[in-house]
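If you count the sequence shown from 1, position 2 lands on 626 in the working numbering, and the numbers rise without skipping. See below for the structure under consideration.
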Amino acid sequence: MVEGSVNLFQSCIATAPFSDLVAAHPNQVERGAYAITLVTSLIHEGNVEGAYQLAKRYSTGQLTSCSILKGENGESFHELAMKWIESNHRPMV
């Protein structure tokens, strides 16, 4: 059973980036259940600008997530992700 799941996963990844699979998952579409996973997978795949724009939509409430993680200073994961991208990956405009 596990071997079949691994083979299915590998065949899915071969045809689409992981972030596409996460974005299309019903739990993400309906509830934003994988919002953090989606932002981090975009960063990992090198789509830093896409991750920034998505994090911005979550942090402003344009998109909703069923899970809101906050840091020590009360900033959401998405706000912290935006700050990290701004300081490490985005050209200063």
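For glycine and all other residues, C-beta sits at the position ideal for the given N, C-alpha and C.
| Query | Result |
| --- | --- |
| Close Cβ partners of Gln652 (< 7 Å) along its chain, the five nearest in sequence each way excluded | Val646, Tyr658, Leu662 |
| Phe701 beta carbon less than 7 Å from that of Met665 | Contrary to the premise, residue 665 reads as Ser rather than Met in this sequence. Their beta carbons are not under 7 Å apart, which means Ser665 does not touch Phe701 by this criterion. |
| Contacting residues, own chain, Cβ-Cβ under 7 Å from Ser683 (five flanking each side not counted) | Ser700, His702, Glu703, Met706 |
| Environment of Ile692 [buried if 16+ CB atoms lie within 10 Å] | exposed |
| Same chain only: Cβ atoms within 7 Å of Glu654, ignoring 5 sequence neighbours per side | none |
| In DSSP terms, what Lys694 is bridged to | Ser700 |
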